[in-house]
Amino acid sequence: MILRLLLLSFCTCFFFSCLSTPDDLIDASLIKVGDDSALSMSGLKVYEEKAAFERVRKEKEEELINDDVHYFSRLHEWSLKYRDQIFDLAKQVEQEKGPLKADLIHRLVLSNNDFVHLRYALYSLLKKNRNYYQKPPSGWEGSQHSFKGLCLSLAIVVTLYDNMSLSMNLLDQHERVQHLFLEGSVDYDISPEYNREVVKSFYSSRRRLLIREKMQLFSESYELLKDDSKEDNYLDYLAVMILQSPSAAIIEQSDFSNDLSQSVSMRLDHYQNSLFSSHKKLLFDISKDFGNTMGKFQSRVGYLYEDEKVLADVQAVLKPMDILLEKTPFRLTDKFIPGHFGHVAIYIGTEEDLKSVGLWEHPRIVKYHEQIRQGKVVLEALREGVVLNTLEHFMNVDDLAVIRKNDMDAVQGRTYTLNAFRQLGKEYDFNFDVETLNKIVCSELVYQVFTDDDWATGEVLGSVTISPDAVVQKLEDNMNYRLVLFYHKGEKVQPEKDTKLVLNLLSHDEK
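Mapped onto mature numbering (1 follows the signal peptide of the UniProt record, and there is no 0), the consecutive letters of the sequence shown carry residue numbers -20 to -1, 1 to 491.
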């Protein structure tokens, strides 16, 4: 029996030693010798097949990482919405002088539930791409693909840190919220231990040092690769995501020599508040001007912004149920959206318009009377959900296209208008899935409003979606829609040229 156990132990050790062959032993055997030109026909054929396999593999790898970047963009949009919620909750807690009301406590716990799910999703994506994050500088070999992998991993990490920075600021400023967070939630299955570990990981000097190391690698590689790299909107998107992160900028410049994370971790069970008080300076640095930079990257205003002449021209043309498309190349999000146009909205009409078709007193519309009277006549899906905005607010754009459905009768007009108002209040659809009814993204508005038309859709990461450019495609595919007004790069395009130019922009996009 003992002999069998010893033999089993020996075999097991031998097996695992074979599995864990050091890389240097492999490298030592990788010495290329011989004459390629003298290979047999079989050898040459295999080499040719290998080259073909390599091309296919690289294409698939590129497609996979682009899909991951696309998915990350959804998680980042979710992060922006989460941060908006935290800002709002912080204001409400600040205004609450007495005990926190039950409704506010519930919303704070719900935001914690949102946070832990978002954190898990981001970490899952990071784990999937960890090889890029762990690859040493010598592994780039000028590879734009590998560099994109690093950028994706780093963008995920700084997004996690940005989300947590804002949460930590809320907890640090309000002790009663801090206690609520550290208690966890029985209702939503969030243990106190989990939340405490989250706080410790945020203040971990080791993690921040790793981020700084990767930031330095990113900066060095970006300078080396950016001039030689082929145009890649996915890579550009990730680079800006990293460069605009407040946390990353602070961490890159921080001195961690006096960091107290380890002592805080050891004292956690006895001194919960020290989790926050020991790191006041770090938290202050990261939180400073957070609201002005977090998730609101914009390099300038649009060419049509606050142009009274253009505004009057647009107002004179608009009719209820006109479709508005815009392009904002100065915004980060527009750069990543495929195609020319980046956003879709619908003009619902004024009080007079709604009265003229007998809908002003409709129960679905009555509750929006005040907003409409304030000039909020543009229906759009934003991070905070489907809302009404003023035309002036919408006009912070470079390009504007107004598309109208032809021969729309009164019955259709009423139906479309009520369909439009049904979308108000719905949450933003971070999955971009037209097959869901309770959540919606901007381009899905036309899909849900003009229900008797067929709209071109495509599949992205398992979800059926519709892009803003699919709306413009209607101009070419049938006679049901026409372009009634078009501004391109801040200039009005003459009617005889506008449709042709718009269609040309779809195939020759100018990002």
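Ideal Cβ positions, reconstructed from N, Cα and C, are used throughout, including at glycine. These figures come from a predicted structure and were not determined experimentally.
Each of Ser123, Ser133 and Glu34 was checked against the Cα of Tyr51, and the nearest Cα belongs to Ser133.
Take the alpha-carbon of Arg192 and the one of Asn111: they are about 18 Å apart.
Assigned with DSSP and collapsed to three states, Asp47 falls in helix. Per the Cβ contact rule, the stretch 135 to 147 is in contact with the stretch 83 to 100 (3 or more Cβ pairs under 8 Å). Here Asn386 is near Tyr461, since their CB atoms are less than 8 Å apart. Contact check for Thr370 against Ile328 fails: the beta carbons are separated by 8 Å or more. Apart from sequence neighbours up to five positions away, the residues of its chain that approach Gln295 with a beta-carbon distance below 7 Å are Leu371, ordered along the chain. Taking Val464 as reference, the option from Ala381, Ala400 and Glu456 with the minimal CA-CA separation is Ala381. Assigned with DSSP and collapsed to three states, Tyr348 falls in coil, not helix or strand. Going by C-alpha positions, Leu339 is about 18 Å away from Gln354.
The closest CA to that of Met195, considering only Phe161, Glu43, Pro226 and Ile383, is found on Pro226. Setting aside the 5 residues that flank it on each side, Arg37 has no residue in the same chain whose C-beta is closer than 7 Å to its C-beta. DSSP, read as helix, strand or coil, puts Asn149 in helix. Arg188 is classed as buried because its beta carbon has at least 16 other beta carbons within 10 Å across all chains shown. When DSSP assignments are scanned along the stretch 28 to 99, no uninterrupted stretch of beta strand (DSSP E) that is 3 or more residues long falls wholly within it. Counting the other CB atoms within 10 Å of its CB gives Tyr283 a total of 16 or more, which places it among the buried residues. Within 10 angstroms of the beta-carbon of Thr139 lie 16 or more other beta-carbons, which makes it buried.
Close CB contacts of Tyr174 within its chain, under the 8 Å cut and outside five residues either way in sequence, are with Val96 and Gly164 (chain order). Taking the Cα of His373 as reference, the smallest distance to any Cα among Glu360, Glu364, Val179 and Lys71 is reached at Glu360. Per DSSP, the beta-bridge partners of Ile170 are Ser165. Under the three-state reduction of DSSP, Arg363 is assigned to coil, being neither helix nor strand. Counting only residues of its own chain and dropping the five nearest sequence neighbours on each side, Phe182 has a CB closer than 7 Å to the CB of Met144 and Met148. A distance below 7 Å between beta-carbons, with the five flanking residues on each side excluded, links Leu162 to the following residues of its chain, in chain order: Pro172, Asn175, Arg176 and Gln252. With a beta-carbon spacing of about 6 Å, Leu84 and Glu76 fall inside the 8 Å limit used to define contacts. Taking a 10 Å sphere around the C-beta of Glu424, we find 16 or more other C-beta atoms and assign the residue as buried. Secondary structure at Phe198: helix, using DSSP grouped into helix, strand and coil.
Each residue's CA atom was taken as its position, placing Asp433 and His86 some 42 Å apart.
When only Cα atoms are considered, Leu368 and Val426 end up about 15 Å apart. Contact between Ile222 and Ala101 does not hold, since the beta-carbon distance rounds to 19 Å and is not under 8 Å. The Cβ atoms of Ala400 and Ile326 lie closer than 8 Å to each other. Separation of the CB atoms of Pro300 and Gly393 is rounded to 7 Å, and the pair is thereby assigned contact status at 8 Å. Collapsing the DSSP output to three states places His468 in a strand. In the DSSP assignment, Ala325 falls within the unbroken beta strand (DSSP E) covering His323 to Tyr327. The residues Arg363 and Glu364, in chain order, have a CB closer than 7 Å to that of Asp64 in the same chain once the five nearest residues on each side in sequence are set aside. The alpha carbon of Leu298 has as its nearest neighbour, out of Gly322, Thr330 and Phe321, the alpha carbon of Thr330.
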